[in-house]
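Remember, our numbering sits 346 above the position in the sequence shown when you count from 1. Each residue gets a CB set at the ideal place from its N, CA and C atoms; glycine is no exception.
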Amino acid sequence: MTAYSSIRPARSDDAAALVALRCSVYPYLVRGEETTRRMILSPPPGEDRIFRVAERDGETVGCVSAFRDPRSADAGFGRIALHVHPSHRGRGIGTALLAEAAAHLRSAGVRQASVWALPESVEFARARGFDVSRELRFSALDLAGFDAGPAAGFEAGPAAGFDAGPAAGFDAGPAAGFGAGPAAGTDGIRLLPLREVDGQALYEADVAAATDEPGDVPSQPTPYPTWRYEIWEEPGLDRDASTVALADGVIVSFSLLLRDGDRAWSDMTATVPEHRGRGLARLVKTATLRRAAASGIRVAYTSNDESNAPMLAVNARLGYRQIATQFSCLTTLTD
Numbered sequence: 347m348t349a350y351s352s353i354r355p356a357r358s359d360d361a362a363a364l365v366a367l368r369c370s371v372y373p374y375l376v377r378g379e380e381t382t383r384r385m386i387l388s389p390p391p392g393e394d395r396i397f398r399v400a401e402r403d404g405e406t407v408g409c410v411s412a413f414r415d416p417r418s419a420d421a422g423f424g425r426i427a428l429h430v431h432p433s434h435r436g437r438g439i440g441t442a443l444l445a446e447a448a449a450h451l452r453s454a455g456v457r458q459a460s461v462w463a464l465p466e467s468v469e470f471a472r473a474r475g476f477d478v479s480r481e482l483r484f485s486a487l488d489l490a491g492f493d494a495g496p497a498a499g500f501e502a503g504p505a506a507g508f509d510a511g512p513a514a515g516f517d518a519g520p521a522a523g524f525g526a527g528p529a530a531g532t533d534g535i536r537l538l539p540l541r542e543v544d545g546q547a548l549y550e551a552d553v554a555a556a557t558d559e560p561g562d563v564p565s566q567p568t569p570y571p572t573w574r575y576e577i578w579e580e581p582g583l584d585r586d587a588s589t590v591a592l593a594d595g596v597i598v599s600f601s602l603l604l605r606d607g608d609r610a611w612s613d614m615t616a617t618v619p620e621h622r623g624r625g626l627a628r629l630v631k632t633a634t635l636r637r638a639a640a641s642g643i644r645v646a647y648t649s650n651d652e653s654n655a656p657m658l659a660v661n662a663r664l665g666y667r668q669i670a671t672q673f674s675c676l677t678t679l680t681d
């Protein structure tokens, strides 16, 4: 409770207001009402997650989520997601919500936590004991008439593994590169929509590809129940646009897309280590974006750690433009 607002646990009927609040704070994040409602009603297993909502005169003006991070090798590491409406800042709402989140994490045995801060909010975080750790860059791509070029930017010849003609999987027809057999690619690569692959196979590729993903603390493979909840059973996952690349029947690269209306989020694009350097990440992401554009999505958003130069280069060549920056800030939770 603050003199300006009241704080309470989130309810399922808060979903629409929370999506609207998120759009006012982070307009480039794409999470729909169904995803938000599900997260409130049945959060991921093993995370000890809470949601709190700040209200003023019946209006949702802030919210916070706090949870133990199952991807961290340290069971005492947690994360906080804090949103305060721009027109209601400076009145103690963020401080009160952050205090509730920290108290919950401490009670759950979490001793270190991170929160993402906009550039203008870094000083707020520092004043409350957080230190800046790393930078995340957000980018947007207008999909109106999206076309990555006749060969999607791949150099012709054996070094790239893809020819410059339609066999590279980038024709303009309705299949958008998802033909069966060799027509989907050359050099033994075959493209498929996510709908046609098994969840366990994607999980294994995801674990293999994420071994060197940038982070604040050492990581461990995502537990399968968490991965299934957050990825495979995600209500917004577009299984028709999302694309995988197979070599000898095994997923070696993939690009996942979350959708909410005519907006989309590139949840992850990655290639397993032994198949990197062949242009597969750009191949699957281009195919995904073309399918997304054909299905009516008008804009796609994505984010990359500032140290992830290869993926930043891929996105730049696809036409993404940087629109925002956030900073990961870390603190030690003391009693």
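Asked	Found
CA-to-CA distance, Pro581 to Pro539, given in whole angstroms	17 Å
Cβ-based neighbour list, Arg417, same chain, cut-off 7 Å, excluding 5 preceding and 5 following	Ser565, Gln566, Thr568
C-alpha distance - Glu481 paired with Asn654, whole-angstrom precision	11 Å
Counterpart residues of Val630 in DSSP-defined beta bridges	Answer is none; Val630 lacks a bridge partner.
Which listed residue (Asp493, Ser370, Glu379) has its alpha carbon closest to that of Ser433	Ser370
Contained beta strand (DSSP E) runs [length at least 3] in the region 535-620, N- to C-terminal order	535-539, 589-593, 596-606, 609-617
Span of the alpha helix (DSSP H), counted from its first residue to its last, around Ile396	Per DSSP, Ile396 belongs to no alpha helix (DSSP H); it is in the beta strand (DSSP E), 396-402.
Proximity below 9 Å, CB of Asp420 to CB of Val553	no
Pro619 classed as buried or exposed, judged by whether at least 16 other C-beta atoms fall within 10 angstroms	exposed
Own chain, CB closer than 7 Å to Phe476, minus 5 neighbours either side, in chain order	Val461, Cys675, Leu676, Thr677
For Leu676, three-class secondary structure by DSSP	strand
Rounded C-alpha distance that separates Val456 from Ala412	10 Å
Own chain residues within Cβ distance below 6 Å of Phe397, not counting five before or after	Ala356, Ile386, Ser411
Nearest-angstrom Cα separation, counted from Leu487 out to Ser479	27 Å
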